[in-house]
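As structure tokens, then:
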């Protein structure tokens with residue numbers, strides 16, 4: 035039988051925390067046993083503390099769990115974190131030091147040299163940084179593993195097969211990011227309606243830095259960044275869910291349009307080989323229609339875990355261009371962290 039692990043969720047009442055709870059409801063390996071959130075929620079049952087924003091009802095299993103402070107100890111085998119950055123920067127290392135594996139969706143530790151920034155289909159070997167992290171920080175059983183920025187995941191999933199086969203030397207990206215990426219209540223309605231907001235604080239810097247780390251390689255206990263240039267511009271658009279990226283790439287080695295399409299459409303990796311529960315059968319879905327991908331039509335592909343790529347054409351300035359789309363709170367957040375945890379268990383970093 036599959037071993038079951040008890041999990042705690044930090045930031046459980048927020049948008050991503052709720053998505054964790056939804057995705058874990060019938061998970062064969064994980065059972066939610068502890069919830070933690072901000073001061074105003076502590077001491078209440080989850081049903082009392084949480085204004086549920088997702089379709090359907092709060093799962094019965096978690097309704098009566100009492101919300102605790104986001105500090106160790108919690109009654110669980112490991113924790114998923116979706117804490118705000120200013121809270122996560124202090125709380126997550128405390129959990130790791132107390133022996134808890136921390137699978138984080140938060141941003142403060144992503145760029146630390148000894149913290150894996152992980153997309154299981156792209157860089158599963160980066161989990162090896164855990165040993166350096168434990169040595170550097172005096173952790174025993176605990177560690178911190180992070181998933182990337184919600185747009186960076188979509189972008190890098192599309193770049194990874196191209197970089198592996200042909201080498202990507204430069205990449206120019208323009209994102210169109212959904213409102214749910216700002217959390218709740220997020221962007222005021224009078225700002226979002228009939229509008230595009232051409233600025234998301236810190237987002238462009240995250241994409242540019244995280245992309246080269248994700249596509250880099252391990253060298254003596256840290257990551258040597260991929261040798262490519264990345265330029266990003268980010269926009270908030272009036273879409274509920276689904277981050278879209280228009281991507282232009284320059285390649286190190288020649289490739290035809292058919293080569294590009296085949297590299298993307300045939301891409302699979304370790305999660306598919308291991309048949310991890312949250313891994314989509316096709317991590318990248320290539321659409322040939324002239325008007326796809328679209329958020330309403332494609333964001334839920336692969337149960338929200340597949341990235342859809344279309345508009346693959348040659349480019350007049352760089353070599354090729356394409357459009358990639360992914361569900362920002364599933365593949366870009368909670369689902370990504372859950373898949374990370376499944377990979378860590380498969381690689382025996384949590385027993």
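Numbering (this note's numbering), first residue to last: 35 to 385. Just so it is clear, CB atoms sit at the ideal spot from N, CA and C, and this is done for glycine as well. As the structure is a computational prediction, the values presented were derived from the model and not from experiment.
Between the alpha carbons of residue i and residue j, how many angstroms are there, rounded?
i: residue 325; j: residue 175; result: 49 Å
i: residue 154; j: residue 310; result: 10 Å
i: residue 190; j: residue 249; result: 8 Å
i: residue 96; j: residue 201; result: 46 Å
i: residue 58; j: residue 66; result: 7 Å
i: residue 297; j: residue 167; result: 34 Å
i: residue 54; j: residue 146; result: 24 Å
i: residue 34; j: residue 108; result: This structure cannot speak to residue 34, because the chain is shown only from 35 to 385.
i: residue 312; j: residue 90; result: 21 Å
i: residue 63; j: residue 288; result: 44 Å
i: residue 150; j: residue 374; result: 10 Å
i: residue 211; j: residue 88; result: 19 Å
i: residue 306; j: residue 383; result: 19 Å
i: residue 329; j: residue 170; result: 42 Å
i: residue 128; j: residue 134; result: 9 Å
i: residue 130; j: residue 274; result: 34 Å
i: residue 350; j: residue 286; result: 16 Å
i: residue 357; j: residue 92; result: 35 Å
i: residue 74; j: residue 36; result: 37 Å
i: residue 376; j: residue 52; result: 19 Å
i: residue 203; j: residue 85; result: 45 Å
i: residue 355; j: residue 152; result: 25 Å
i: residue 40; j: residue 246; result: 34 Å
i: residue 319; j: residue 369; result: 17 Å
i: residue 361; j: residue 199; result: 26 Å
i: residue 132; j: residue 346; result: 48 Å
i: residue 381; j: residue 45; result: 27 Å
i: residue 38; j: residue 94; result: 19 Å
i: residue 268; j: residue 142; result: 20 Å
Can you say whether residue i is buried or exposed, counting buried as having 16 or more other CB atoms within 10 angstroms of its CB?
i: residue 117; result: buried
i: residue 276; result: buried
i: residue 120; result: exposed
i: residue 348; result: exposed
i: residue 270; result: buried
i: residue 214; result: buried
i: residue 237; result: buried
i: residue 172; result: exposed
i: residue 224; result: exposed
i: residue 321; result: buried
i: residue 47; result: buried
i: residue 144; result: buried
Less than 8 Å separating the beta-carbons of residue i and residue j?
i: residue 98; j: residue 81; result: yes
i: residue 323; j: residue 344; result: yes
i: residue 126; j: residue 164; result: no
i: residue 161; j: residue 308; result: no
i: residue 76; j: residue 103; result: yes
i: residue 194; j: residue 156; result: yes
i: residue 317; j: residue 301; result: yes
i: residue 60; j: residue 371; result: no
i: residue 192; j: residue 341; result: yes
i: residue 50; j: residue 70; result: no
i: residue 304; j: residue 158; result: yes
i: residue 183; j: residue 227; result: no
i: residue 299; j: residue 197; result: no
i: residue 332; j: residue 359; result: yes
i: residue 68; j: residue 42; result: yes
i: residue 256; j: residue 148; result: yes
Could you tell me whether any non-hydrogen atom of the ligand SAM is closer than 7 Å to the CB of residue i?
i: residue 155; result: Ligands in the displayed structure: none, and consequently the ligand SAM is not present.
List in chain order: all unbroken alpha helix (DSSP H) runs of 4+ residues lying wholly within the stretch 120 to 165.
-> none
At a cut of 8 Å, does the stretch 358 to 369 reach the stretch 331 to 343 through at least three beta carbon pairs?
-> yes
Cβ contact check for the stretch 280 to 300 and the stretch 198 to 208: 3 or more pairs under 8 Å = yes
With contact counted as at least three CB pairs below 8 Å, one residue from each stretch, are the stretch 129 to 139 and the stretch 102 to 113 in contact?
-> yes
Any chance you could list the alpha helix (DSSP H) runs of at least 4 consecutive residues sitting entirely within the stretch 44 to 79, in chain order?
-> 49 to 58
Is there contact between the stretch 223 to 240 and the stretch 291 to 309, where contact requires at least three CB pairs shorter than 8 Å?
-> no
Stretch-stretch touch, CB-based, cutoff 8 Å, three pairs: the stretch 239 to 254 with the stretch 211 to 228 | no
Between the stretch 257 to 275 and the stretch 239 to 247, do at least 3 Cβ pairs fall closer than 8 Å?
-> As far as the Cβ criterion goes, the stretch 257 to 275 touches the stretch 239 to 247, which means the pair count is three or higher.
Runs of beta strand (DSSP E) lying entirely within the stretch 298 to 378, each at least 3 residues, in chain order = Counting only runs of 3 or more, we get 318 to 320, 341 to 348 and 354 to 360.
Secondary structure, beta strand (DSSP E): runs of 3+ residues fully inside the stretch 187 to 233 | Runs of the beta strand (DSSP E) lying entirely within the stretch 187 to 233, each at least 3 residues long, are 202 to 211 in chain order.
Residue ranges of each beta strand (DSSP E) within the stretch 250 to 282, 3 or longer | 251 to 253, 256 to 258 and 263 to 271
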